[in-house]
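> These protein sequences, in sequence, are chains A and B.
Residue numbers for the first sequence follow our numbering, so the first one is 1 and each next one is one higher.
Residue numbers for the second sequence follow our numbering, so the first one is 355 and each next one is one higher.
The beta-carbon is built from N, C-alpha and C at its ideal position, and this holds for glycine as well.
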Amino acid sequence: MMRAVTDKPLTLRIPLHADAYAVLANETRWRGEFATVRLPYETRVLAESQLAPGAWVRLTAFTIGSGGEGGVIWIDLASPRPAPTEIIAGRALLRAFAADSSERRRILSRVLLHFVLLEYTEDAERTTWRAPALGDDIGGALVGGSISSSPTLWRALRSDMEQSRPSVVVGLRDAGGVPLAGRHDGLVTMPVALGGLKTGHLLASLESRWRGSLGRFSTLRGYRWFADHFAATPELSTSRFLSSLLRFGEYRTRHREVPDRLAELELPVYYPSTSSELRSLASAGLLPAAPGVFWDVSRPYGGDPLTAAGHAHRHLGAFGLTALATADDPTRRTNFLLAATAAAIVAAASGEMA
Amino acid sequence: MRGATCLGIPVVDGTVLTTTYATRRLLGATPFAGAAVTVHAAVAADGLVTSDDLDHACRLQARRFLLQSHPPTRTWRPRPAGLLWSASGMLLGLALVIASLGFWLPSLAGVWLLALRPWMLVRADRPLPPPPPTETPSLTVRRVTHQGIASLREVIARNLEDNLAYAEAYEVSTRLGIREAADLYTRLLQDPRPAALGPDEGVWLPDATRQREALTADPLLDEEVPARPEDDPDTIKPEILDADFDVPDESEPDE
């Protein structure tokens, strides 16, 4: 039986191979390409500021799409110090949505995409990029998820966010090669409001929920308990949808309970595999909802307010996501950021974040 | 509620806001989830750092060191000697159960050694879950004046050469016992660019008097928007006049 094109599930993949990475990393080549790439976008410079003396950066918003039932997706690529991977992910996103394809047109008819990119100005002195934190647990990765450290830039970002009234805010951050999660590509955190008392007890009892028979750590049991306990919470289905897309891209659409073996072309997302990792997660206020997706319940009203996602969730009621790339290889980190963006856009355009 | 301290250490053309070493240790032992912290921001009384900037930078610094926490945790690992001890006890228990021939006392001792004792040992080795937080999580910043920091600001202000300023500020900070400042000036003597500082070393903030106000979201930057009466150069704030605006070459054709 034939199905109408509009009924087909949406797909979006923005893979970046090593050659394309090198092209986007080359300032001269990108400048030439950018003149064409920027044409379909509405462009606005939000602010210019210094991250350090002489290190001038420009914050620019690029808007595309029509904003249908999927609403406005506000994508934040303005970290405290712009990482090369974040800059390249931003350029790859601009290039991808400037390209003409029927699938892109379908997506853009449902959502309005608002990319906020932070780049150095042409003659600026560059700050030395280092991994945001050197801690060996998950907190080290979460440090990288923060809002801009420049008060001026944060004011401009906040003002733009309030004007755009986004339904979804996605923060894309390079957390560097994190020792704990370095063998994985990354993780996504999502602020969820559960209330103070419930949050405290959940975090305190997290470890015992992830024990199987004989008291041994069991990922399968943990995710099953979570799915049963939060079956009525709307964020659960969104988390599982995102997890499926993040783990398998377009190759799998069905959610599997626990990743038993990583298949070829599957993005190896981070999930806890020992009790001590669960303790680190509980300390940071994260609940593992699905492989690669964590609920940020560090505050009773939902998530860390010093992330763009947490701020938007609390003050604008938007759905928030922070994607943290943790792999050792920069190309893999860029690809994770692109995969996370694609997953969020498809989820919003498919009505999974309503 | 925990108290933390950040220092606004003066550098040439700005301030580097850093967290004291004691605060790093304190916050490192505090779980991020549910933490309630009051940050005392110690700065000079000259008002070169605005309260908004100070508040923003202090919150980010507190968040950084709360997240990089290393709470003391015990992890269960099978110890070879312990395992051997448990296994020998279990074997003895099994032998006792078999050899008891229905007598209840040796059977009970056998069951104890075979099952109950190993189970209790495993339970005892598991770490207790942390208690749920009882405070309302918050990050509050209070500005306090610090005489030592004020002395450092004077040193930085009176030296025209960066290196001389940092060398003298290093000596003063050592004399005053501000270790964080001494370490920062040592780093800046090696490389005077605050851009080269690591993320853990602090957040750079521009001086309020020298700050070139950001070109905020304003139709001024949109080429299509016609000029407004208030855009007249005569009405532009004086500090904006110092900015280096690029003058477009009129000989080039428009796109």
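Taking DSSP's pairing of strands, which residues face A:Met190 in a bridge?
Its beta-bridge partners are A:Trp295.
> From this set, A:Gly176, A:His313 and A:Ala47, which residue's C-alpha is nearest A:Ala141's C-alpha?
The residue with the shortest Cα to Cα distance from A:Ala141 is A:Gly176.
> Listed from N- to C-terminal order along the chain, which residues in the region 508-521 of chain B have their beta-carbon within a distance smaller than 7 Å of any beta-carbon of chain A?
From the region 508-521 of chain B, no residue has a Cβ closer than 7 Å to chain A.
> Kindly provide the ranges of any alpha helix (DSSP H) runs that are 4 or more residues long and lie completely inside the region 92-179 of chain A, ordered along the chain.
Those alpha helix (DSSP H) runs which fall completely within the region 92-179 of chain A and span 4+ residues are 102-110, 138-143 and 151-164.
> Which residues does DSSP pair with B:Arg496 in a beta bridge?
According to DSSP, B:Arg496 bridges with B:His394.
> Any Cβ of chain B within less than 9 Å of the Cβ of A:Thr322?
False, the Cβ-Cβ gap to chain B never drops below 9 Å.
> With A:Leu324 as the anchor, note down where its beta strand (DSSP E) starts and where it stops.
A:Leu324 -> beta strand (DSSP E) spans Phe319 to Ala325.
> In this structure, what does DSSP give as the bridge partners for B:Gly357?
Paired residue(s): B:Thr392.
> Look at the alpha carbon of A:Ser164 and the alpha carbon of A:Val72, and state the distance between them as a whole number of angstroms.
Cα-Cα distance, rounded: 7 Å.
> How many angstroms separate the CA atom of B:Ala390 from the CA atom of B:Thr494?
Spanning the two alpha carbons is a distance of roughly 8 Å.
> What does A:Ser273 touch in chain E if you count any residue whose Cβ is under 7 Å from its own?
No chain E appears in this structure, whose protein chains are A and B.
> If the cut is a Cβ gap below 7 Å, which residues of chain A does B:Phe386 touch?
Correct list: Gly139, Ser283, Ala284, Gly285 and Ser298.
> Should B:Arg647 be flagged as near chain A, meaning a C-beta pair shorter than 9 Å?
Residue 647 of chain B lies beyond the residue range present for chain B, which begins at 355 and ends at 609; the question has no answer from this structure.
> Does the Cβ of B:Phe457 have 16 or more other Cβ atoms within 10 Å, making it buried, or fewer, making it exposed?
B:Phe457 is exposed by the Cβ-count criterion.
> Give me whichever residues DSSP pairs with A:Gln50 in a beta bridge.
A:Gln50 pairs with A:Trp56.
> What are the partner residues of A:Phe62, as DSSP defines its beta bridges?
A:Thr43 and A:Phe115.
> Could you tell me whether the Cβ of B:Ala550 comes closer than 9 Å to any Cβ of chain A?
By this cut-off, B:Ala550 is an interface position.
> Anyone know if the C-beta pair for B:Leu475 and B:Leu506 falls short of 9 Å?
No, the Cβ-Cβ distance between B:Leu475 and B:Leu506 is not below 9 Å.
> Reducing DSSP to helix, strand and coil, say where A:Asp19 ends up.
A:Asp19: helix per DSSP, three-state reduction.
> Can you grab the Cα-Cα spacing for the pair B:Leu467 / B:Pro460, in whole Å?
Their backbone Cα atoms lie some 10 Å apart in a straight line.
> If you count every other CB in all the chains shown that lies within 10 Å of the CB of A:Ile14, and 16 or more means buried, which is it?
Answer is buried; the Cβ neighbour count reaches 16.
> By the criterion of Cβ-Cβ separation under 7 Å, what are the contact partners of A:Arg130 in chain B?
Ordered by position in chain B, the residues that pass the 7 Å Cβ test against A:Arg130 are Gly552 and Pro553.
> The alpha helix (DSSP H) spanning A:Val37 covers which residue range?
Note, A:Val37: alpha helix (DSSP H), Glu27 to Val37.
> Answer yes or no: do A:Leu77 and A:Val116 have a C-beta to C-beta separation smaller than 9 Å?
Against a cut-off of 9 Å, the Cβ pair of A:Val116 and A:Leu77 comes out as a contact.
> Grab me the residues of A:Arg254's own chain with a C-beta within less than 8 Å of its C-beta, minus the 5 sequence neighbours each way, in chain order.
Bear in mind that a pLDDT of 49 at A:Arg254, under 50, signals an unreliable position, so the model cannot answer this.
> Distance cutoff 9 Å, beta carbons only. Does B:Met355 sit that close to anything in chain A?
No - not a single Cβ of chain A is within 9 Å of the one on B:Met355.
> From B:Arg413 to B:Gly447, what distance separates their C-alpha atoms?
Taking the straight line joining both Cα atoms gives about 59 Å.
> Using 10 angstroms around the beta-carbon of A:Val9, count the other beta-carbons present and answer buried if the total reaches 16, otherwise exposed.
Note that residue 9 of chain A is Pro in the sequence shown, not Val. Classification of A:Pro9: exposed, given that the 10 Å Cβ count is below 16.
> Taking Cβ to Cβ, would you say A:Leu187 is nearer than 9 Å to A:Tyr120?
It is not a contact, given that the beta carbons lie outside the stated cut-off.
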